[in-house]
Amino acid sequence: MTTRKFFIDTDTASDDAVAILMALEWENVDVLGISIVSGNMPVEQGSKMLDILLSFVTKLLLYTLEQTSH
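This is the structure:
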């Protein structure tokens, strides 16, 4: 299976947040980076939303790794 490389340009509104989560979980997708643009929300709010989203993903990943190591 070929890995597809993505750079995501987003306003991180709810639809984009779901798409980011899906891209991060997809086996053959390599997310190279994420940038914030103004759209459904201002850049500042989008940046905060991305921080929250990525901290959730990090906590979930750490929890999953912890569970598989036992």
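Be aware that the sequence shown starts at 0, since it is given in numbering that gives the first Met the number 0, and climbs by one per residue. Even for Gly, the Cβ is constructed at its ideal location relative to N, Cα and C. Owing to the predicted nature of the structure, the values given are computational and were not obtained by experimental measurement.
Local Cβ density within 10 Å of residue i, reported as buried at 16 or more and exposed below that
i	result
Leu59	exposed
Leu10	Residue 10 is actually Asp in this sequence, not Leu. Asp10 is buried by the Cβ-count criterion.
Met21	exposed
Close-in-space but distant-in-sequence residues of the same chain around residue i (CB under 7 Å, 5 per side omitted)
i	result
Leu31	Lys4, Phe5, Phe6
Asp8	Ser34, Val36
Leu49	Thr11, Ile33, Ile35
Cut-off 6 Å between Cβ atoms - residues of its own chain near residue i, not counting five sequence neighbours on either side
i	result
Ala16	Leu52
Asp29	Thr2, Lys4
CB-CB length for residue i against residue j, believed under 8 Å
i	j	result
Asn39	Thr2	Contact doesn't hold; Cβ gap of about 30 Å is too wide.
Which residue spans inside the region 15-64 form an unbroken beta strand (DSSP E) run of at least 3?
-> 28-35
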